[in-house]
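Below is one structure, written out as structure tokens, with a few remarks after it.
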Amino acid sequence: MKKVIFCAILICVISGLYCENASVVMVGNKVVFESDVRMKMKEEGKDYEEALRDVVIEKMLLFQAEKEGIVVSPDELTLEIEHIKKRFPDEASFYKALEKENIPYSVFVKTVEDKIKVKNLIKKNVVDKIDITISEIAAKMKELKEKGDCYYRFRLKWFDSELSAQEFINAFDSTKETDMGEEVSLSREEIMPEVLSEIEKISPGKLSGPIKIGNRYLVIFLKDIRHEEVNSYKELYLKARETLQNMKFEKQFNSYLKELHSEIPVFYCD
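Here the numbering used here is used: the first residue of the sequence shown is 73, the next is one more, and so on.
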């Protein structure tokens with residue numbers, strides 16, 4: 073959904089990836105363990121298939137980063153580790169969190185290093201190849217000025233079949249809202265056109281029908297709609313550039329993932 077949805081794989085670092093158990097997938101020379109998938113389900117409220125797909129993508133990107141010889145400088149690593157530590161009240165709390173999750177410090181450092189490798193890979197092969205022209209920005213600024221900006225706050229849930237999506241809709245009540253993903257707030261420009269057209273058909277507090285995206289189905293629970301008018305030239309410029317950046321990132325990133333899928337062997341274990 074988000075134009076930068078796959079950048080989320082770069083954020084969670086403390087999560088427990090240190091667990092010896094059954095492997096479920098081999099991605100190049102990288103192993104996906106059952107615990108990796110279960111942790112992703114717990115962290116992001118996803119079903120098994122969705123979590124598995126995300127972990128496979130993470131491993132695929134890491135494999136490619138190492139294949140291309142992308143390295144992390146000591147300064148990069150130290151800076152990121154210090155940034156993570158600052159999220160805790162003090163250093164002692166940070167180490168207690170590692171201990172609670174049974175994560176040795178060396179494993180934590182390796183995990184951070186891997187995340188930076190993937191970030192650098194995406195910058196090299198996706199972000200740095202995005203080109204935004206002045207004429208594109210001018211056209212988007214004009215569009216934003218005429219329409220204003222509209223933000224939609226909602227939850228979403230993915231399904232593997234239209235039937236399972238419809239069954240969820242039929243059985244839905246207020247207690248099942250928390251079964252969906254975390255709330256997100258996106259502007260009109262940040263939402264895929266096929267999804268936006270369905271969101272615009274419902275009112276706050278209502279569910280969308282099943283929305284077919286690729287081979288899967290999406291259900292949206294619309295929380296509310298907020299309208300904002302963009303006034304200053306600088307704000308308009310930045311908003312237009314950000315919108316175009318996100319749109320082009322999604323297209324470029326998805327194309328890059330397809331390329332990797334065709335090149336990197338993925339074996340599912342029985």
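Glycine included, C-beta positions come from ideal geometry on N, C-alpha and C.
Under three-state DSSP, which class holds Leu332?
-> helix
What is the DSSP secondary structure of Val267, reduced to helix, strand or coil?
-> helix
Would you report the Cα separation of Gly62 and Met264, rounded to the nearest angstrom?
-> Missing from the structure shown is residue 62; the chain here goes from 73 to 342 and no further.
In terms of residue numbering, what span does the alpha helix (DSSP H) encompassing Ser236 cover?
-> Per DSSP, the unbroken alpha helix (DSSP H) holding Ser236 starts and ends at Glu234 to Asn242.
Check whether the Cβ atoms of Val291 and Leu279 sit closer than 7 Å, and answer yes or no.
-> Less than 7 Å separates the beta-carbon of Val291 from that of Leu279.
For His299, which residues does DSSP report across the bridge?
-> Partner(s): Cys222.
In chain order, what residues of the same chain have a beta carbon less than 8 Å from the beta carbon of Ser275, not counting five sequence neighbours either side?
-> Leu294
Option in Met132, Asp108 and Ala123 with minimal Cα separation from Phe339 = Met132
From Tyr223 to Ile297, what does the alpha carbon distance come to, in whole angstroms?
-> 6 Å
Pick helix, strand or coil for Lys201, following the three-state DSSP scheme.
-> In the structure shown, Lys201 falls within a helical segment according to DSSP collapsed to helix, strand and coil.
Thinking C-beta only, is Thr183 closer than 7 Å to Glu261?
-> no
Might you give, ordered along the chain, the residues of its own chain that have their beta carbon closer than 7 Å to the beta carbon of Val85, omitting 5 neighbours on each side?
-> Here Val85 scores only 41 on pLDDT, less than 50, and its place in the model should not be relied on; the value that follows carries that caveat. If we look at Val85 and ignore the five residues flanking it on each side, its Cβ neighbours are Ile156, Thr183, Val184 and Lys187.
Residue closest to Ser107, alpha-carbon to alpha-carbon, out of Asp147, Leu332 and Glu173 | Glu173
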